[in-house]
Amino acid sequence: MSDCENTNYIGKSVQRVDAFEKATGKAKYFEDYQIQYRDLLHVKVLRSPHAHAKIISIDVSAAEALPGVITVVKGSDTDIPWSDLPYASAYYGNPARYEVIWAGQAVVAVAAESIEIAEEALELVKVEYEMLPYVTDQRLAMGVDAIPVTSPELEIAAGYGGPQPEGPNVMGSYKLRHGDVDKAFEEADVIVEEEYQAGKKSTSQIECNGSIVEYQQDGGVKIITNGCGVHGVIKNHILTMYPQLTSSKVRVIQPVTGGSFGNRLFPLVEPLAVLMALRTKRTVSYVLTRKEMYTSSPSNWPVYTKLKLGAKKDGTIIAEKLELVEDAGAQIRGYFDGRLSSSGLMCVYNIPNVHCDSYAVSTNTVPCAPYRGLGCAESEWAMENLLDVLAEKLDMDPLEIRLKNMIKNGETNAYGEKVTSIGLGKCLKAVADGIKIDEPCQQDDGPWKYGKGIAAAGKQNTPLGRAEADCLVHSDGSIEILVSCDEQGMGVQSALRQMAATEFKIDIARVKMTRADTAITPFDNFGASSRTTYTTGNAVIIACQDAIDQLKEAAGREVGLAKKQITIKDGKAYIVGSNTEVIDIADLFKPFDFFTQQTWGLLKGTPVRGRGVFCPAPAVPWFGPGHEDGRTPRMWNWYQFSAFGAEVAVNEETGQIKILKLMSTADSGNPINPKLVEGQIDGGVIMALGFSIMDHHMYQDGKMMNPNMSDYRLPTTLETPLQKNFMRAILPDPLPDGPFNAKGMAESIMIPVGPAIASAIYQAIGVRPTEMPMTAESILKLIKDKEANNAK
Amino acid sequence: MQNKSNFIKVDCEVNGKPVSLHVSPDQTVVDVLRNELGLTGTKKGCDDGNCGACTILLDGKAAKSCSMLIGQVRNKKITTIEGVSNGEILHPMQQAFIDTFAIQCGFCTPGMILSGIAILNENPDADEEEIREGLHGNLCRCTGYVKIVEAVEIARDRMNAGGAKNEI
């Protein structure tokens, strides 16, 4: 029999299940399926060159007449299901009807025999626009007198809740009242206040969004896509949009995908590709170009935060007041209300009096969607920076003020939730030690000045619904796990496989993963909010236990024992408490017998199927009667935490920043596969390093000026520190209800990077950045402003 | 539909085998590899040579196949990711990427592996800074490059220690 220790794969860095196929070029991404279709049509889209304009007329006659063009779609076509709702968040990939509300919005789409013909057809389309005033600055988009993002005569409310009293572009608001903030500020010994802004950025995963839609003879569609959530997002949305398609007529397959980071959480390309397939009764492919990825696929949402903190002399923070505005970009009837970003200002520190007014506003910029961290990197940018200001005023060090005020395990946060897992304290101490925060940097006479900084972060997990898993025990004794979770590269299917092997106490080589095909694999919602390890992981465990239970019963029947007397390990059944082998699992499966017909028992050739369904406990409403304060015992699910420390060099003459040394720590819960967790830390740090000091959308005349990978500057191997200067640690606090006490961790990593760098910049050159990214230009301006002030 | 009158003949070697192509001269190398030869391991992440996902080896040197027209590879030796391993036996660079967890979404991986091989082709003793210099045209959004750089170093050490020749 096997040694149980050898089949406990939790905490072991087992090789990724997909590594071989990816290293050899055998892995098939959606675009790699194109060559299977000899009659493929290609979709190309004409996009608005204007930030806001009325569509006076569209003439597609010349495009339609071009040989090789099969169909042309414009927003006013009556057979398309979204024409009354052209802008809402789930529909923003589709052609505009009355007016365009951002530069990059689809206007006309063509399906043609080749990409070249489709592109030529778009050049033949004539669109007459009437220019309208636009607003791309979120601060100008607020207020009752703001320029409206859509023309008022269209009477389209910005938020799904209808028109908001705060202004035409306000989508919604979330307000929280905890304790008595005014009184607390009166009692405070020190008060600090500042305004912060975090910018607009694109996830920039290397694989562009796209899909292939195969028309089926029953009138249905098979969608091969890199979009997220085969059941929960894509299939659900397609069924909602196309009433002629019923559940059995939509099959969605997600092959290997090249990253998402939140960008693909709404169906961007699938609805239009499905329409083209239904119209032409052919297979169509729709792939965004890199430029379209920047100008039409969603960015993060920028956040403006005005934050005020009050503390006692001993450093205890007693009052927090915040006004926060999320810029959701060009979307109408969106779900944003400020609650997502403001959660970052509620989940790390235990502050007894909190006053939160948060809003979301639309602007005439690329529509926004989740970007790894869900707007908390943008809001905690304010908190972590202002904490440094406060610490300086109190003459405390940045570690001490954070340790003193952070939420402790078992305490209740501002929402009224009890926190059940927080490993932040050890994360913070480790980064402070790692970069030796107590040892000042050596300075010299050159233009480079040196400094160190640390910061902390937390990120909520949203209870985002159901995950299911099927566990097949094949008659050869091997295990197959069927799940529909997204695999965007994080390695979750490898982690799920480790959980299944551990449950069965079986060699992991005998566990196979089958994933993300709505015709085969059971429901899952979508891979967001770091939920997959937790939600799908719990479902996999339940499915395994269900299958094991069936095996025990079948094995018990063989020898006349109750199933509770049977235990399963190494593909065999044993009697509990002894090492007596009852039967090999494979032998439980009997071949077909002509004289019994095998209508009972386990049949060779058909597997035992265990079923697992897991949902997080639902949120408790924070609105409506009795919830006027916006509080609730359950807003979110659990929290992941991270800390970051950096030693940086700042060039006083150019404003340039170099990261010399860094350390990142993650409270991941109990890590299932440490190497996979390390990969998330490394990738998160460098992605955050990018949006902290380099990459952002630049707008001029209402248009994005840098929609390509040379002007949109992403970190390369040259901007990232050498291995010896890149430190990291996994410092978990186990999550009681996580699978093997694990929780998600990939988002919190992002959050403290920017503020820690800002803190180091202040130490180096005495200026405090308030806007992110901290580009060389912006730092140089701060230096010049400081010099001008000193000269006065 | 396609006008083939202006097609050109291009003879080259792809993954060790002679190939004779009859293609439109405006085709990029990546499109011919993917669509004509079915070598879909070479990826497209942008169309202006910035992401590096389409990196191939051209006579042993890294080249971005999205920025080259097919006529430019006439009489040259192309290696794509499909031609790196020797049957089931992986190239040390591939094995090192697997062993170090340098692969996440995998979309940049073929280009990274080929750039890594090209770096060591030119300088079998490349140090970390030289490796970073050689990889800086390949973007990755998942790994932060940490384990990728480590993988190239490990491949270098294994190849130097074992005398395994880098024959690509």
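So the protein sequences, as listed, match chains A and B. What the first sequence shows, in my numbering, is residues 1 to 792, in sequence order. What the second sequence shows, in my numbering, is residues 1001 to 1168, in sequence order. For each residue, glycine too, the CB sits at the ideal point set by N, CA and C.
Cβ-based burial, residue i [other Cβ within 10 Å; buried from 16]
i: A/Asp476; result: exposed
i: A/Pro370; result: buried
i: A/Thr596; result: exposed
i: A/Arg793; result: Since the displayed chain A opens at 1 and closes at 792, residue 793 of chain A lies outside it and no answer follows.
i: B/Asp1127; result: exposed
i: A/Phe594; result: exposed
i: A/Pro86; result: Here A/Pro86 scores only 46 on pLDDT, less than 50, and its place in the model should not be relied on; the value that follows carries that caveat. Per the 10 Å Cβ criterion, buried.
i: A/Leu735; result: buried
i: A/Gly161; result: exposed
i: A/Asn364; result: buried
i: A/Pro67; result: exposed
i: A/Ala90; result: Any reading at A/Ala90 must be qualified, since the residue scores a pLDDT of 49, below 50, and its modelled position is unreliable; no value is offered.
i: A/Lys724; result: exposed
i: B/His1022; result: exposed
i: A/Ile56; result: exposed
i: A/Ser2; result: Confidence is the limiting factor: at A/Ser2 the pLDDT is only 44, short of 50, which leaves the residue's position unreliable, though a coordinate-based value still follows. Classification for A/Ser2: exposed.
Boundaries (first-last residue) of the alpha helix (DSSP H) holding residue i
i: B/Thr1080; result: No alpha helix (DSSP H) contains B/Thr1080, which DSSP labels as neither H nor E.
i: A/Lys393; result: 376-394
i: A/Asn236; result: 236-241
i: A/Ser759; result: 753-765
i: B/Asn1015; result: Unbroken run through B/Asn1015: none, as it is neither H nor E.
i: A/Ile693; result: 674-693
i: A/Ser642; result: Where A/Ser642 is concerned, there is no enclosing alpha helix (DSSP H), although the beta strand (DSSP E) it sits in stretches over 639-651.
i: A/Thr502; result: 492-504
i: A/Glu628; result: Unbroken run through A/Glu628: none, as it is neither H nor E.
i: B/Leu1135; result: 1128-1135
i: A/Arg515; result: From DSSP, A/Arg515 is part of no alpha helix (DSSP H) but of the beta strand (DSSP E) over 511-515.
Supposed close pair residue i, residue j - CB separation, criterion 8 angstroms
i: A/Lys459; j: A/Tyr639; result: 7 angstroms
i: A/Val284; j: A/Ala111; result: 6 angstroms
i: A/Gly679; j: A/Gly491; result: 7 angstroms
i: A/Asp682; j: A/Phe641; result: About 18 angstroms separates the two Cβ atoms, so there is no contact after all.
i: A/Ala756; j: A/Ala455; result: 4 angstroms
i: B/Met1068; j: B/Val1019; result: So it is not a contact: roughly 15 angstroms between Cβ atoms.
i: B/Ile1117; j: B/Glu1130; result: The pair is not a contact, with the Cβ atoms about 14 angstroms apart (cut-off 8 angstroms).
Residue i, enclosing beta strand (DSSP E) - first and last residue
i: A/Ile191; result: 190-198
i: A/Thr567; result: 566-569
i: A/Lys404; result: Element bounds for A/Lys404: not the beta strand (DSSP E) but the alpha helix (DSSP H), 398-405.
i: A/Ile224; result: 221-225
i: A/Pro773; result: A/Pro773 -> no beta strand (DSSP E), and no H or E assigned at all.
i: A/Ser173; result: 170-178
i: A/Glu214; result: 210-215
i: A/Leu41; result: 41-47
CB contact flag (residue i, residue j, <8 angstroms)
i: A/Lys703; j: A/Ala96; result: no
i: A/Phe614; j: A/Ile672; result: no
i: A/Tyr33; j: A/Ile212; result: yes
i: A/Gly334; j: A/Ser362; result: yes
i: A/Asp546; j: A/Arg611; result: yes
i: A/Pro793; j: A/Glu487; result: No information on residue 793 of chain A is available, as it lies outside the stretch 1 to 792 that chain A covers here.
i: B/Cys1054; j: B/Thr1042; result: yes
i: A/Glu480; j: A/Cys544; result: no
i: A/Thr632; j: A/Leu780; result: no
i: A/Gly453; j: A/Ser759; result: yes
i: A/Gly537; j: A/Ala746; result: no
i: A/Asn300; j: A/Lys200; result: yes
i: A/Ser296; j: A/Arg47; result: yes
i: A/Pro674; j: A/Met694; result: no
i: A/Thr7; j: A/Ile548; result: no
Practice item. Kindly confirm or deny that the region 352-361 of chain A and the region 174-181 of chain A touch, where touching means at least three C-beta pairs closer than 8 angstroms. Key: Between the region 352-361 of chain A and the region 174-181 of chain A, the count of C-beta pairs closer than 8 angstroms reaches three or more; the two stretches touch.
Practice item. Could you tell me whether the region 1059-1069 of chain B touches the region 1092-1106 of chain B, where touching means 3 or more Cβ pairs closer than 8 angstroms? Key: no
Review point. Taking one C-beta from the region 638-653 of chain A and one from the region 580-587 of chain A each time, how about it: are there three or more such pairs within less than 8 angstroms?
Key: no
Check your understanding: So does the region 304-317 of chain A actually touch the region 189-201 of chain A, counting three or more Cβ pairs closer than 8 angstroms?
Key -> The region 304-317 of chain A vs the region 189-201 of chain A: in contact.
Check your understanding: Does the region 1105-1119 of chain B come within contact of the region 1127-1143 of chain B, defined as at least 3 CB pairs closer than 8 angstroms?
Key -> yes
Exercise for review: Tell me, please, whether the region 1011-1026 of chain B touches the region 1071-1080 of chain B by the rule of three or more beta-carbon pairs shorter than 8 angstroms.
Suggested key: The region 1011-1026 of chain B, when compared against the region 1071-1080 of chain B, does touch it at the 8 angstroms Cβ threshold.
Practice item. Spell out a yes or no on whether the region 56-64 of chain A and the region 318-332 of chain A are touching, meaning 3 or more CB-CB pairs, one atom from each, closer than 8 angstroms. Key: no
Review point. Okay, do the region 762-773 of chain A and the region 468-475 of chain A touch, 3+ Cβ pairs below 8 angstroms being the bar?
Key: Taking a cut-off of 8 angstroms for Cβ pairs, the region 762-773 of chain A and the region 468-475 of chain A do not touch, as fewer than three such pairs fall below it.
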